[in-house]
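Data first, discussion second: the structure below is written as structure tokens.
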Amino acid sequence: MSLSNSKQDLINALRGNYPVIYIVAKDERPIVETINIYMDKYGEKDHRLSSWDFNKKYRDLLDGTRLVHFKEETMGNEINPIGFVQVDNKQTTPKKESVDIGYYEAIEKLRNLSVNRILLLLDFHTRINAGDIENVGKIIRSIKDFAYESIFPFTEEYHLPVYRKSDAQVKRSLVLVSPVLKVPKELENIIHIIHFDDPEREEVKNLLESYSKQKNIILDEASKEKIIEAGIGLSETELMISIKKSHYLNDKKTIKAKDILEDKIQIIRKKGSLEFLDVNLDRDSLGGFNELFPWLDKRKLLFKESVRKKYNLDYPKGVLLTGIQGCGKSLAARVIANELDVPMLRLDMGSMFSKWVGESDQNFRNALKTAEQMAPCVLWLDEIEKALSVGDNAHETTKRMFGYILTWMQEKKEPVFLVATANNIDALSPEFMRKGRFDEIWFVDLPTLVERKEIFNVHFKKKNIAFEDSDLERMAVETEGYSGAEIEAAVNESVLTTILEANENCTIDIVINEIRRITPLSVTHSEKLNQIRKWATEHQVRSVSHSSK
């Protein structure tokens, strides 16, 4: 649901006179704005909005007056119908002592109100999770009584005499606001829930254009598109803060997408469920994978709004990289993000699990939601089979998380390019790999002769060491059956040996000697490797290389 749809849902709920509305939102400003729009357009005569929060307690939001509970005579101040003294913020407060009221008292005052009123109760989750059981119970009971008093006057028979006092002509609504959904069991059947989502593309575009027009900022279409992409996933308030910050950082001349993106990265780091990774690795950092990159170049086109609109295409879904460990799947995941020119997030599946019932599921949902806020991005699920293996003995939590990610993969609309890596493909359900979940499933085998030569060249280049082509060829021949990780280990050992022995240069003889010290997995686990290859052949999984010899 878009933010505009969320706003309309709230307006409809207020028009329908829902007694209790629960809004899940991290940004409160659009809620107040929407309620004011409703009251201007549909509100009854003398319809007013009040709110409660920890800082300002009970107050009237429309005329700036503060509502405080009176204790004694009011020294001539007019008392409103619910027993408060209205104090204009510009004037001196009453001489008699006044005290702010609590959450429960605010609801009780609304119950006794006989005029049209909307009461906005902020920070609801903090009140309902408080340690004071008695006070929480009073709040729940007060909300229930208010709801029943608002509903039952419309029925032919009154079930309890206490509800007969309600005035069916009065429109009163209790709007509970919280960044998290925490509904007590006792209130589930009387609460209407609305999720206030972040602005979607068109809404972000409108906010950007509105600010740019106001500040006389001229942006070309390419820059505007990048800013919009970066702004998706931020709330209205977060977006406007970020836009203003960028404007000031750039001497009030322009707005840059990189500034907006930096703010999104801060959001990721605050939440802690995902790790933001530096992906400054291009395709030259990865030996082999010559079949993957032409395919990836096509998918990159789908990140352009103009291409998608012209041909009615969707964002790409992602890839599953499976195969022999140590052959570059993790490195390939990072290179993919760099090639697509989007941020990369890594989801640590182990951190999702909690000892508390239901919390693991919520952690997982929150992590995927955060990834959507960061979109466009690459989301990397490393060794996914360890967390989402769903055999007969799988835990119920694992099964629920598996079901959720299947649904999410199928239905997600945000440009989150999923890169899942797996070594033990047999542990994954066939349902996870069926057509439509991923754009492609790739098999990563041990590197070929040509690829081994490339891998040696890449690693020695990083160390500022150059070898003749014939030497690289000899290294490649010597390492038949070696993985990329094993080749990297041989390179590192060769450099250390050169330093230790105080040699002027790293020689081919040193490298060959270090290669022969390593026993590759193809020798120690040959049977397992053959099983993996057999699976890839039987399932006709596409190879990242021209040849998998």
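In terms of the numbering used here, the sequence shown opens at residue 10 and continues consecutively. A virtual CB, placed ideally from N, CA and C, is assigned to each residue, including glycine. Source: prediction; values computed, not measured.
Under a three-way DSSP split, which group does residue i fall into?
i    : result
E523 : helix
L455 : coil
L30  : Position check: residue 30 holds Ile in this sequence, whereas Leu was assumed. In this structure, I30 counts as strand in the three-state DSSP scheme.
S232 : helix
R75  : Residue confidence is low: R75 scores 38 on pLDDT, short of 50, so the model does not pin down where it sits. Its coordinate-derived value is still stated next. R75 falls in the strand class under three-state DSSP.
E82  : With a pLDDT of 32 at E82, under the threshold of 50, the modelled position of this residue cannot be trusted; read the value that follows with caution. E82: coil per DSSP, three-state reduction.
I199 : coil
I450 : strand
S151 : helix
G493 : helix
S182 : strand
L354 : strand
R542 : helix
G242 : coil
E477 : coil
F285 : strand
R443 : coil
S554 : coil
I333 : coil
Return the chain-ordered list of same chain residues with a C-beta closer than 7 angstroms to the C-beta of residue i, the five sequence neighbours on each side being excluded.
i    : result
N433 : E394
N466 : L481
E195 : I149 and K153
P208 : L12, L216, E245 and L248
R278 : F285
I345 : L305, V387 and V428
V366 : Residue placement at V366 is flagged as unreliable, the pLDDT there being 42, under the threshold of 50; the coordinate-derived value follows with that caveat. Correct list: empty, nothing qualifies.
Are the Cβ atoms of residue i and residue j separated by less than 7 angstroms?
i    : j    : result
N347 : K180 : no
L128 : V186 : no
V29  : A231 : no
K262 : S255 : no
P456 : G493 : yes
F205 : A431 : no
L290 : R343 : yes
H559 : N125 : Any question about residue 559 goes unanswered here, given that the chain covers just 10 to 558.
E487 : I524 : yes
I250 : Y220 : no
E460 : G297 : yes
Can you check whether the C-beta of residue i is within less than 7 angstroms of a C-beta belonging to chain C?
i    : result
Q540 : Among the chains in the structure shown there is no chain C, since it carries only a single protein chain.
In chain order, what residues of the same chain lie with their CB nearer than 6 angstroms to the CB of residue i, ignoring the 5 residues before and after it?
i    : result
L329 : A429, F447 and I450
E238 : P385
V316 : L310
K235 : A266
K338 : L330, T430 and V453
D18  : I203
I474 : C515
T101 : Residue confidence for T101 is low, a pLDDT of 40 falling below 50, so the modelled location carries little weight and cannot support an answer.
K472 : V504
T546 : none
L470 : As written in the sequence, residue 470 is Lys, which differs from the Leu given in the question. For K470, where only same-chain residues beyond five positions count, there are no Cβ hits under 6 angstroms.
V550 : I450 and F452
D272 : S251
G85  : Any answer about G85 is weak, because its pLDDT of 36 lies below 50 and its placement is not dependable; what the coordinates show is given next. Nothing meets the Cβ criterion.
When you compare each of the options to residue i by their alpha carbons, which one comes out closest?
i    : options                   : result
S372 : T406, N522 and G493       : Note on identity: in this sequence residue 372 is Asn, with Ser being the wrong assignment. When only C-alpha atoms are compared, the closest one is T406.
S7   : L349, L301, I20 and D287  : Here the chain comprises residues numbered 10 to 558, so residue 7 is not present and cannot be evaluated.
E117 : Y67, E489, V500 and I160  : Y67
L356 : N125, Y320, K543 and F426 : F426
A380 : D207, L295, P456 and G242 : G242
K408 : K378, V145, E423 and F441 : F441
A341 : K313, Q334 and L295       : L295
M418 : G445, I227 and L58        : G445
P325 : V184, A485 and E314       : E314
A499 : V486, E513 and N522       : N522
P424 : T416, D323 and Y257       : D323
S1   : L388, F298 and C336       : Outside the displayed span of the chain (10 to 558) sits residue 1, for which this structure offers no information.
S182 : K307, L228, I20 and I524  : I20
H534 : Q334, G327 and R526       : Q334
V351 : G332, F312 and C336       : F312
I527 : W544, N375, I541 and N501 : N501
K50  : R24, E495 and V532        : R24
G332 : K307, P303 and W544       : W544
L390 : M383, I414 and Q382       : I414
Y463 : N64, K224, D260 and D293  : Contrary to the premise, residue 463 reads as Glu rather than Tyr in this sequence. It is D293.
P303 : N512, L349 and D62        : L349
E495 : L119, I46 and P529        : P529
What residues in its chain sit with their C-beta under 8 angstroms from that of residue i, if we drop five residues either side in the sequence?
i   : result
R38 : E245 and T246
**Study point:** At least three beta-carbon pairs within less than 8 angstroms, the segment 143-157 to the segment 194-208
**Key:** yes
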